[in-house]
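Residue numbers (this note's numbering): 115 to 416.
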(Lines of atoms letter the chains of each structure in order from A and count residues from 1; the text may use other names and numbers.)
(Lines give C-alpha, C1' and ligand atoms only; values in the text may rest on other atoms or scores of the structure.)
Protein backbone atom coordinates (compact mmCIF):
# COMPACT_ATOMS: atom_id res chain seq x y z
CA UNK A 1 0.00 0.00 0.00
CA UNK A 2 1.44 3.34 -1.08
CA UNK A 3 0.65 6.40 0.97
CA UNK A 4 0.89 9.72 -0.89
CA UNK A 5 1.57 12.77 1.20
CA UNK A 6 -0.45 15.83 0.32
CA UNK A 7 0.13 19.42 1.47
CA UNK A 8 -2.63 20.82 3.61
CA UNK A 9 -4.24 23.98 2.28
CA UNK A 10 -2.89 27.18 3.77
CA UNK A 11 -4.79 28.32 6.80
CA UNK A 12 -7.08 31.31 6.20
CA UNK A 13 -5.23 33.25 8.89
CA UNK A 14 -1.92 32.85 7.09
CA UNK A 15 -3.42 34.01 3.79
CA UNK A 16 -4.84 37.08 5.49
CA UNK A 17 -1.43 37.89 6.97
CA UNK A 18 0.21 37.65 3.55
CA UNK A 19 -2.42 39.94 2.04
CA UNK A 20 -2.09 42.39 4.92
CA UNK A 21 1.68 42.68 4.70
CA UNK A 22 1.56 42.90 0.91
CA UNK A 23 -0.91 45.78 1.19
CA UNK A 24 1.15 47.56 3.82
CA UNK A 25 4.26 47.19 1.69
CA UNK A 26 2.47 48.70 -1.30
CA UNK A 27 1.28 51.64 0.80
CA UNK A 28 4.78 52.19 2.15
CA UNK A 29 6.28 52.09 -1.35
CA UNK A 30 3.69 54.47 -2.79
CA UNK A 31 4.20 56.94 0.05
CA UNK A 32 7.95 57.19 -0.34
CA UNK A 33 8.58 56.60 -4.03
CA UNK A 34 5.47 57.26 -6.10
CA UNK A 35 6.18 60.97 -6.35
CA UNK A 36 6.71 63.28 -9.31
CA UNK A 37 7.32 66.43 -7.27
CA UNK A 38 9.07 69.18 -9.27
CA UNK A 39 10.22 72.05 -7.01
CA UNK A 40 10.51 74.35 -10.04
CA UNK A 41 6.73 74.15 -10.48
CA UNK A 42 6.30 76.36 -7.41
CA UNK A 43 8.56 79.15 -8.63
CA UNK A 44 6.33 82.15 -9.21
CA UNK A 45 3.23 80.36 -7.90
CA UNK A 46 0.71 82.64 -6.17
CA UNK A 47 -0.10 81.27 -2.73
CA UNK A 48 -2.58 82.34 -0.07
CA UNK A 49 -1.61 80.61 3.19
CA UNK A 50 -3.66 80.80 6.37
CA UNK A 51 -2.42 80.06 9.88
CA UNK A 52 1.05 81.18 8.80
CA UNK A 53 2.39 82.65 12.05
CA UNK A 54 3.58 79.51 13.87
CA UNK A 55 4.03 75.74 13.74
CA UNK A 56 3.37 73.92 10.49
CA UNK A 57 1.99 77.09 8.90
CA UNK A 58 5.20 79.00 9.55
CA UNK A 59 7.24 76.15 8.08
CA UNK A 60 4.97 76.07 5.03
CA UNK A 61 5.67 79.76 4.49
CA UNK A 62 9.42 79.19 4.66
CA UNK A 63 9.32 76.25 2.23
CA UNK A 64 7.27 78.25 -0.28
CA UNK A 65 9.66 81.19 0.11
CA UNK A 66 12.70 79.01 -0.64
CA UNK A 67 10.92 77.67 -3.72
CA UNK A 68 10.31 81.19 -5.08
CA UNK A 69 6.54 81.47 -4.60
CA UNK A 70 4.63 84.75 -4.25
CA UNK A 71 2.92 84.77 -0.86
CA UNK A 72 0.03 86.29 1.01
CA UNK A 73 0.19 85.16 4.64
CA UNK A 74 -2.54 85.50 7.20
CA UNK A 75 -2.96 84.65 10.87
CA UNK A 76 -4.44 86.16 14.01
CA UNK A 77 -1.34 87.84 15.51
CA UNK A 78 0.24 90.66 13.49
CA UNK A 79 3.56 90.73 15.34
CA UNK A 80 4.20 87.04 14.62
CA UNK A 81 3.20 87.49 10.99
CA UNK A 82 5.66 90.35 10.57
CA UNK A 83 8.46 88.11 11.83
CA UNK A 84 7.53 85.33 9.38
CA UNK A 85 7.28 87.82 6.50
CA UNK A 86 10.78 89.11 7.25
CA UNK A 87 12.19 85.60 7.30
CA UNK A 88 10.45 84.73 4.02
CA UNK A 89 12.06 87.71 2.34
CA UNK A 90 15.47 86.60 3.57
CA UNK A 91 14.80 83.13 2.18
CA UNK A 92 14.18 84.52 -1.30
CA UNK A 93 10.43 84.95 -1.71
CA UNK A 94 9.97 87.47 -4.56
CA UNK A 95 6.73 88.89 -3.08
CA UNK A 96 5.40 88.55 0.45
CA UNK A 97 2.35 90.31 1.86
CA UNK A 98 0.44 89.75 5.06
CA UNK A 99 -2.96 90.52 6.54
CA UNK A 100 -3.79 89.92 10.19
CA UNK A 101 -7.22 88.31 10.45
CA UNK A 102 -9.36 86.56 13.04
CA UNK A 103 -11.25 83.74 11.33
CA UNK A 104 -13.79 83.68 14.17
CA UNK A 105 -15.38 86.73 12.49
CA UNK A 106 -17.63 85.67 9.57
CA UNK A 107 -16.85 88.83 7.57
CA UNK A 108 -13.07 88.27 7.62
CA UNK A 109 -12.65 85.57 4.90
CA UNK A 110 -13.95 87.87 2.16
CA UNK A 111 -11.51 90.59 3.19
CA UNK A 112 -8.60 88.12 3.20
CA UNK A 113 -9.31 86.65 -0.24
CA UNK A 114 -9.87 90.07 -1.80
CA UNK A 115 -6.57 91.28 -0.33
CA UNK A 116 -4.75 88.31 -1.85
CA UNK A 117 -6.36 88.81 -5.26
CA UNK A 118 -5.47 92.51 -5.22
CA UNK A 119 -1.85 91.86 -4.24
CA UNK A 120 -1.12 88.82 -6.41
CA UNK A 121 -3.56 89.28 -9.30
CA UNK A 122 -4.95 85.77 -8.82
CA UNK A 123 -4.28 82.52 -6.99
CA UNK A 124 -2.62 79.24 -7.90
CA UNK A 125 -2.80 77.75 -4.40
CA UNK A 126 -5.14 78.24 -1.47
CA UNK A 127 -3.53 76.54 1.53
CA UNK A 128 -5.96 76.33 4.45
CA UNK A 129 -4.02 75.65 7.62
CA UNK A 130 -5.45 77.79 10.43
CA UNK A 131 -7.02 76.23 13.49
CA UNK A 132 -8.64 77.28 16.71
CA UNK A 133 -8.69 75.62 20.10
CA UNK A 134 -11.42 76.30 22.64
CA UNK A 135 -11.31 80.02 23.57
CA UNK A 136 -9.94 80.95 26.97
CA UNK A 137 -12.63 80.91 29.63
CA UNK A 138 -14.93 78.53 27.69
CA UNK A 139 -15.58 74.93 28.63
CA UNK A 140 -14.79 72.62 25.74
CA UNK A 141 -18.24 70.98 25.98
CA UNK A 142 -20.30 74.18 25.87
CA UNK A 143 -22.51 75.07 22.92
CA UNK A 144 -20.76 78.46 22.62
CA UNK A 145 -17.34 76.81 22.38
CA UNK A 146 -18.61 74.39 19.75
CA UNK A 147 -20.08 77.23 17.68
CA UNK A 148 -16.78 79.16 17.88
CA UNK A 149 -14.77 76.10 16.87
CA UNK A 150 -17.05 75.37 13.92
CA UNK A 151 -16.68 78.94 12.64
CA UNK A 152 -12.89 78.92 12.85
CA UNK A 153 -12.14 75.33 11.89
CA UNK A 154 -14.90 74.66 9.35
CA UNK A 155 -17.12 77.55 8.22
CA UNK A 156 -14.21 79.89 7.52
CA UNK A 157 -12.65 77.15 5.35
CA UNK A 158 -15.89 76.96 3.38
CA UNK A 159 -16.03 80.74 2.98
CA UNK A 160 -12.41 81.08 1.88
CA UNK A 161 -12.83 78.23 -0.61
CA UNK A 162 -16.01 79.64 -2.14
CA UNK A 163 -14.44 83.08 -2.54
CA UNK A 164 -11.15 81.81 -4.01
CA UNK A 165 -12.60 79.11 -6.28
CA UNK A 166 -13.24 81.36 -9.34
CA UNK A 167 -9.58 82.43 -9.39
CA UNK A 168 -8.35 78.87 -8.82
CA UNK A 169 -10.59 77.71 -11.67
CA UNK A 170 -9.02 80.26 -14.01
CA UNK A 171 -5.49 79.18 -13.05
CA UNK A 172 -6.27 75.45 -12.84
CA UNK A 173 -4.95 75.72 -9.33
CA UNK A 174 -5.03 73.70 -6.13
CA UNK A 175 -6.81 73.67 -2.81
CA UNK A 176 -4.64 72.29 -0.02
CA UNK A 177 -6.50 71.55 3.22
CA UNK A 178 -4.47 70.81 6.34
CA UNK A 179 -6.67 68.67 8.54
CA UNK A 180 -6.11 66.19 11.34
CA UNK A 181 -6.27 62.51 12.17
CA UNK A 182 -9.21 63.51 14.39
CA UNK A 183 -11.14 64.21 11.19
CA UNK A 184 -10.75 60.57 10.16
CA UNK A 185 -10.66 58.60 13.40
CA UNK A 186 -12.81 59.86 16.28
CA UNK A 187 -11.36 59.78 19.76
CA UNK A 188 -12.56 60.61 23.22
CA UNK A 189 -12.75 64.11 24.72
CA UNK A 190 -12.43 65.99 21.42
CA UNK A 191 -16.03 66.23 20.23
CA UNK A 192 -16.24 69.83 18.90
CA UNK A 193 -12.77 69.79 17.34
CA UNK A 194 -13.25 66.36 15.81
CA UNK A 195 -16.70 67.34 14.50
CA UNK A 196 -15.20 70.32 12.66
CA UNK A 197 -12.48 68.17 11.11
CA UNK A 198 -14.97 65.49 10.03
CA UNK A 199 -17.04 68.27 8.46
CA UNK A 200 -13.99 69.37 6.44
CA UNK A 201 -13.54 65.85 5.10
CA UNK A 202 -17.19 65.66 4.05
CA UNK A 203 -17.29 69.10 2.49
CA UNK A 204 -14.10 68.81 0.45
CA UNK A 205 -14.82 65.21 -0.53
CA UNK A 206 -18.17 66.32 -1.93
CA UNK A 207 -16.63 69.38 -3.60
CA UNK A 208 -14.02 67.21 -5.31
CA UNK A 209 -16.77 65.12 -6.89
CA UNK A 210 -18.69 68.20 -7.99
CA UNK A 211 -15.60 69.66 -9.65
CA UNK A 212 -14.93 66.36 -11.44
CA UNK A 213 -18.50 66.19 -12.75
CA UNK A 214 -18.27 69.79 -14.00
CA UNK A 215 -14.81 69.22 -15.57
CA UNK A 216 -13.31 71.95 -13.39
CA UNK A 217 -9.55 71.42 -13.19
CA UNK A 218 -8.97 72.38 -9.56
CA UNK A 219 -7.16 69.81 -7.41
CA UNK A 220 -8.06 69.21 -3.77
CA UNK A 221 -5.42 67.74 -1.46
CA UNK A 222 -6.56 66.68 2.02
CA UNK A 223 -3.67 66.48 4.47
CA UNK A 224 -4.08 64.32 7.56
CA UNK A 225 -1.57 65.33 10.23
CA UNK A 226 -1.16 64.44 13.88
CA UNK A 227 -0.92 67.04 16.59
CA UNK A 228 0.65 70.23 15.30
CA UNK A 229 4.12 71.47 16.15
CA UNK A 230 4.54 72.61 19.75
CA UNK A 231 4.91 76.23 18.58
CA UNK A 232 1.42 76.28 17.13
CA UNK A 233 -1.78 77.14 18.98
CA UNK A 234 -2.74 74.37 21.39
CA UNK A 235 -5.39 72.00 20.16
CA UNK A 236 -8.26 70.96 22.36
CA UNK A 237 -6.71 67.56 22.98
CA UNK A 238 -3.30 68.85 24.05
CA UNK A 239 -2.44 67.06 27.29
CA UNK A 240 -5.23 64.55 26.74
CA UNK A 241 -3.67 62.39 24.06
CA UNK A 242 -0.26 60.78 24.47
CA UNK A 243 0.46 61.12 20.74
CA UNK A 244 3.56 63.12 19.88
CA UNK A 245 3.42 66.30 17.83
CA UNK A 246 4.38 66.08 14.16
CA UNK A 247 7.71 67.80 13.39
CA UNK A 248 6.83 71.09 11.70
CA UNK A 249 9.38 71.23 8.84
CA UNK A 250 8.89 67.62 7.74
CA UNK A 251 5.11 67.76 7.98
CA UNK A 252 5.10 71.04 6.02
CA UNK A 253 7.24 69.57 3.26
CA UNK A 254 4.87 66.59 2.97
CA UNK A 255 1.96 69.03 2.59
CA UNK A 256 3.75 71.04 -0.10
CA UNK A 257 4.74 67.95 -2.08
CA UNK A 258 1.18 66.66 -1.97
CA UNK A 259 -0.28 69.96 -3.12
CA UNK A 260 2.27 70.42 -5.91
CA UNK A 261 1.68 66.90 -7.27
CA UNK A 262 -2.11 67.36 -6.94
CA UNK A 263 -2.34 64.26 -4.75
CA UNK A 264 -5.80 63.60 -3.34
CA UNK A 265 -4.42 62.90 0.12
CA UNK A 266 -1.34 63.30 2.32
CA UNK A 267 -0.75 61.40 5.56
CA UNK A 268 2.00 62.49 7.92
CA UNK A 269 3.43 60.48 9.49
CA UNK A 270 2.72 57.78 6.93
CA UNK A 271 1.36 55.32 9.50
CA UNK A 272 -1.76 57.50 9.80
CA UNK A 273 -2.88 56.04 6.48
CA UNK A 274 -2.86 52.64 8.16
CA UNK A 275 -4.80 53.93 11.16
CA UNK A 276 -7.49 55.24 8.82
CA UNK A 277 -7.70 51.83 7.15
CA UNK A 278 -7.88 50.10 10.53
CA UNK A 279 -10.85 52.23 11.48
CA UNK A 280 -12.88 50.36 8.89
CA UNK A 281 -11.81 47.01 10.35
CA UNK A 282 -12.20 48.07 13.98
CA UNK A 283 -14.93 50.74 14.06
CA UNK A 284 -15.68 50.33 17.77
CA UNK A 285 -12.41 49.77 19.67
CA UNK A 286 -12.71 48.60 23.24
CA UNK A 287 -12.16 51.06 26.08
CA UNK A 288 -8.87 49.45 27.16
CA UNK A 289 -7.44 50.04 23.68
CA UNK A 290 -8.49 53.71 23.65
CA UNK A 291 -6.89 54.31 27.04
CA UNK A 292 -3.47 53.45 25.61
CA UNK A 293 -3.54 56.73 23.67
CA UNK A 294 -5.17 58.89 26.35
CA UNK A 295 -4.18 60.62 29.54
CA UNK A 296 -7.53 59.88 31.17
CA UNK A 297 -6.88 62.10 34.20
CA UNK A 298 -6.28 65.15 32.00
CA UNK A 299 -9.23 64.26 29.80
CA UNK A 300 -11.64 64.08 32.73
CA UNK A 301 -10.56 67.54 33.84
CA UNK A 302 -11.15 69.10 30.39
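Each residue gets a CB set at the ideal place from its N, CA and C atoms; glycine is no exception.
- Query: With a CB to CB cut of under 8 Å and the five nearest residues on each side skipped, what residues in its chain are close to residue 273?
  - Reply: 220, 223, 224
- Query: residue 308 by DSSP, collapsed to three states: which one?
  - Reply: helix
- Range of the contiguous beta strand (DSSP E) that encloses residue 381: 379-382
- Task: Quick one: measure Cβ to Cβ for residue 314 and residue 293, integer angstroms, because I've assumed they're closer than 8 Å.
- Result: 5 Å
- DSSP state of residue 160 mapped onto helix, strand, coil: strand
- Message: Could you compute how far the alpha carbon of residue 279 sits from the alpha carbon of residue 152?
- Response: 24 Å
- Where do the ends of the beta strand (DSSP E) carrying residue 335 lie? 333-339
- Item | Supposed contact pair residue 187 and residue 175 - C-beta distance, whole angstroms, cut 8 Å | 6 Å
- Query: Using the beta-carbon count (16 or more within 10 Å), is residue 257 buried or exposed?
  - Reply: exposed
- Query: residue 362 to residue 328, Cα distance in whole Å?
  - Reply: 36 Å
- Query: Looking at the C-beta of residue 371, does it have a partner C-beta in chain D at a distance below 8 Å?
  - Reply: Of the chains in the structure shown, none is chain D; there is only one protein chain.
- Query: Which ranges would you report for the beta strand (DSSP E) in the segment 161-204 if only whole runs of at least 3 residues count?
  - Reply: 184-189
- Under the criterion of a Cβ to heavy atom distance below 7 Å, does residue 217 qualify as lining the ligand PLP? For the ligand PLP, the structure offers nothing, since it holds no ligand at all.
- Looking at C-alpha atoms only, which residue of 318, 290, 331 is the closest neighbour of residue 372? 290
- Task: Hey, could you find the ends of the beta strand (DSSP E) residue 274 is sitting in?
- Result: First-last for residue 274: 270-285, but that is the alpha helix (DSSP H), not the beta strand (DSSP E).
- Message: Between residue 241 and residue 162, how many whole angstroms is the CB-CB distance? I'm expecting something under 8 Å.
- Response: 7 Å
- Query: What do you get for residue 243, buried or exposed, if any count of 16 or more other CB atoms within 10 angstroms of its CB means buried?
  - Reply: buried
- Query: On the three-state DSSP scale, how would you describe residue 266?
  - Reply: helix
- Beta carbon of residue 205, beta carbon of residue 189: below 8 Å? no
- Message: Let's test the definition: count the other Cβ atoms within 10 Å of the Cβ of residue 330 and tell me whether it reaches 16, buried, or not, exposed.
- Response: exposed
- Query: How many Å lie between residue 266 and residue 150 at the Cα?
  - Reply: 33 Å
- Task: Locate the beta strand (DSSP E) running through residue 210, then write down its first and last residues.
- Result: 210-214
- Task: Specify the secondary structure class of residue 241 as computed by DSSP and reduced to three states.
- Result: strand
- Can you say whether residue 284 is buried or exposed, counting buried as having 16 or more other CB atoms within 10 angstroms of its CB? exposed
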